[in-house]
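Undergrad: Protein chains in written order, with UniProt numbering: chain A, 1 to 336; chain U, 1 to 339. Take a look at this one; I'll ask things after.
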């Protein structure tokens with residue numbers, strides 16, 4: 001077990017280096033100088049520009065800049081935001097809980113609907129329900145997130161006035177961040193109605209962010225389930241006289257979950273990408289919106305650090321998924 | 001009262017090319033404690049017949065019968081819930097591929113005790129104790145340790161023993177073994193067959209042994225049913241059938257056994273089992289039959305009583321009037337017409 005974890009962690013190293021490189025060089029390919037962007041329309045005195053470029057180290061050859069950056073990262077220093085002069089890590093940790101909260105709700109939403117929908121579609125294959133679920137999930141999968149978000153806001157927030165348009169909580173409430181997760185913090189605080197306000201604010205972003213994973217999980221569950229239902233051991237289970245429910249919910253689902261769990265791990269990456277758009281649409285104060293702002297400001301350290309940290313989180317989740325794999329699939333557990 | 005009575009059982013599968021009859025008018029009775037062998041080529045409908053009895057015909061198969069009764073219960077009108085109480089308890093089945101027939105995600109112990117807890121209402125501890133006993137009975141060494149094993153950690157032979165233990169867990173009145181040794185090594189085959197026969201005798205349960213191996217059946221079955229293209233061709237006592245087969249198909253099958261080859265070459269039956277599109281109008285075996293006549297190609301023989309069993313043939317081999325009728329029904333050879 002320990003050896004397995006060590007091998008997996010060592011595989012993370014090249015990926016880690018790859019992310020630092022991509023984040024570092026890609027943002028520098030984007031036209032626009034961070035200092036000139038910082039100065040705004042009034043421009044900047046060439047002498048002062050030169051001085052600042054030296055200060056930020058932009059005068060050195062790009063490879064040297066990367067080397068310096070990498071050396072600092074390896075020492076745990078992700079640098080400071082060029083705009084706020086705040087440490088990238090501090091900003092990230094302050095904003096990340098909001099993203100986690102949203103992503104977590106989205107994946108729960110996707111699982112809670114996707115698993116049963118996929119299972120039912122498989123059991124009632126070729127029925128109207130099956131075709132309906134598959135059609136809707138294809139539509140959901142193909143939907144541009146920003147468009148979908150705007151449509152939902154127009155419908156539920158503007159037209160029917162059911163949900164708030166944006167933000168995490170009503171401005172009326174002030175919640176002291178204890179855990180950073182508003183659903184928990186509002187319960188801890190004695191502000192009445194704050195929790196429901198937080199829940200109401202979560203509904204639309206959760207749906208928007210959860211739509212793609214929901215579609216993927218539903219389709220994956222259906223195909224995995226269909227395959228499993230044709231297996232010999234399902235026939236054995238029937239020959240034992242087990243109830244239909246037990247056969248599906250225990251004997252079939254456990255096997256069908258194996259590919260689904262992999263997909264869930266891969267969806268975490270998609271979730272963070274989606275979070276960037278979703279957070280922008282709903283003015284959700286998470287790392288997604290923070291990164292978008294950083295792009296517009298050419299805030300190199302924030303972009304590099306943010307991308308790297310998100311990459312690490314995605315890798316960690318996938319490692320975790322691989323470990324849970326063994327819990328569901330005994331064949332993997334014992335082959336180590 | 002017979003334990004199992006089947007009359008005119010048919011199983012049909014709608015396909016894009018039309019309706020496929022996997023089982024066509026099978027009739028069969030089985031007494032308590034009797035051992036029946038069912039032989040036939042692949043696709044002859046022997047497995048599907050038994051799956052129909054178990055209520056396990058895969059979607060979208062349709063089962064029809066004039067009578068289908070087990071132990072006095074009518075399986076055609078029984079509710080799903082009642083039927084589930086029977087399957088796995090009074091009728092049990094083991095399959096061809098032991099390793100894929102066990103669920104890879106659950107331990108042997110779990111899969112074995114599941115049956116006991118469901119049908120016998122045992123608690124965890126009692127079921128566990130009983131599971132160990134059962135594994136012992138089917139000859140699995142150190143059964144206690146095996147309870148926590150997964151199917152992939154055991155050999156095919158061991159897995160088939162587990163399947164057998166699972167099947168006999170609730171003392172079934174009828175055990176159906178669907179090619180139980182096909183996927184196993186020859187040495188293991190003999191062990192598994194011995195085990196099945198021993199268990200059958202000890203418990204006096206009826207046993208249906210499905211196989212395409214005449215050798216397997218000769219050693220175990222008292223009565224044999226030969227199937228071809230979904231139909232019963234012949235059904236008689238085993239000794240009788242081996243000594244003097246009555247159906248040309250049975251005779252051809254026996255002649256194809258390696259021990260019957262004389263010049264070192266294996267005898268074969270020319271042609272293949274008819275499929276969905278080339279099902280003959282008359283006798284289904286007529287395209288491959290050495291004795292086929294115009295009459296047998298046109299008129300399908302009915303299953304009828306014959307020589308202490310059943311047969312589906314116009315000209316049984318032991319019929320004294322056979323030669324004369326064959327000559328009468330045979331068309332004039334093409335050569336003579338030409339001349």
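For every residue, glycine included, the Cβ atom is placed at its ideal position computed from N, Cα and C.
1. I'd like to know whether the C-beta of residue 124/A is nearer than 8 Å to at least one C-beta of chain U.
2. Is the beta carbon of residue 189/A closer than 8 Å to that of residue 175/A?
3. Taking 8 Å as the CB-CB cut-off, is residue 241/A touching chain U?
4. In angstroms with no decimal places, state the Cα-to-Cα distance between residue 93/A and residue 125/U.
5. Looking only at DSSP bridge pairs, what is residue 70/U linked to?
6. At the level of alpha carbons, what is the spacing between residue 8/U and residue 179/U?
7. When the Cα of residue 284/A is compared with those of 30/A, 164/A, 10/A, which residue comes out closest?
8. For residue 329/A, count neighbouring C-beta atoms within 10 Å of its own C-beta (all shown protein chains included) and say buried if the count is 16 or more, exposed if not.
9. Spell out the partners DSSP gives residue 10/U in its beta bridges.
10. Counting only the same chain and skipping the five closest in sequence on each side, list residues whose C-beta sits under 8 Å from that of residue 27/A.
11. Taking its Cβ as the centre, do 16 or more other Cβ atoms sit within 10 Å of residue 320/U, making it buried, or is it exposed?
12. Decide if residue 128/A is buried, meaning its Cβ has at least 16 other Cβ atoms within 10 Å, or exposed.
13. Can you list, in chain order, the residues of its chain whose CB lies under 8 Å from that of residue 158/A, leaving out five sequence neighbours each side?
14. Ignore the nearest five residues each way along the sequence and tell me which others in residue 237/U's own chain have a CB closer than 6 Å to its CB.
15. So if I threshold CB-CB distances at 7 Å, which residues from the segment 27-48 of chain A count as touching chain U?
16. Going by beta-carbon coordinates alone, are residue 119/U and residue 81/U separated by less than 8 Å?
17. Please report how far the alpha carbon of residue 241/A lies from the alpha carbon of residue 1/U, in whole angstroms.
18. Taking a contact to mean a Cβ-Cβ separation below 8 Å, would you say residue 236/A touches residue 102/U in this structure?
19. So residue 173/U contacts chain A; which residues on that side make the cut at Cβ distance below 9 Å?
20. Is residue 303/U helix, strand or coil by DSSP?
21. Could you work out which residues of chain U lie near residue 347/A, taking near to mean beta carbons separated by less than 8 Å?
22. Would a check of beta-carbon distances place residue 179/U closer than 8 Å to chain A?
23. Confirm, please, whether the CB-CB distance from residue 29/U to residue 4/U is below 8 Å.
24. Should residue 171/U go down as buried or exposed, given a rule of 16 or more other Cβ atoms within 10 Å for buried?
25. Let me check one thing: in DSSP terms, what residues is residue 240/A bridge-paired to?
26. So what does DSSP say about residue 232/A, is it helix, strand or coil?
27. For the alpha helix (DSSP H) containing residue 3/A, name the first residue and the last one.
28. Quick check on DSSP: helix, strand or coil for residue 30/U?
29. Straight-line CA distance for residue 82/A to residue 149/U?
30. Say whether chain U places a C-beta atom closer than 8 Å to the C-beta of residue 332/A.
31. In whole angstroms, what separates the C-alpha of residue 57/U from that of residue 145/A?
32. Need the endpoints of the beta strand (DSSP E) that residue 36/U sits in, please.
33. Which of helix, strand or coil does DSSP assign to residue 87/U?
34. Return helix, strand or coil for residue 41/A, following the three-state DSSP convention.
35. Using a threshold of 8 Å, state whether the C-beta atoms of residue 10/U and residue 64/U are closer than that.
36. Within a Cβ cutoff of 7 Å, which residues of the same chain sit near residue 339/U, ignoring the five residues on either side of it in sequence?
TA: In terms of the structure at hand:
1. no
2. yes
3. yes
4. 51 Å
5. 4/U, 73/U
6. 24 Å
7. 164/A
8. buried
9. 64/U
10. 295, 298, 300, 303, 304
11. exposed
12. exposed
13. 165
14. 223
15. none
16. no
17. 25 Å
18. yes
19. What residue 173/U touches in chain A: nothing, since even the nearest Cβ is about 14 Å away.
20. coil
21. Here chain A comprises residues numbered 1 to 336, so residue 347/A is not present and cannot be evaluated.
22. no
23. yes
24. exposed
25. Beta-bridge pairing links residue 240/A to no other residue.
26. helix
27. 2-29
28. strand
29. 59 Å
30. no
31. 45 Å
32. 35-39
33. strand
34. coil
35. yes
36. Low confidence applies to residue 339/U: its pLDDT is 44, below 50, so where it sits in the model is not reliable, and the reading given next is rough at best. Answer for residue 339/U: no residue qualifies.
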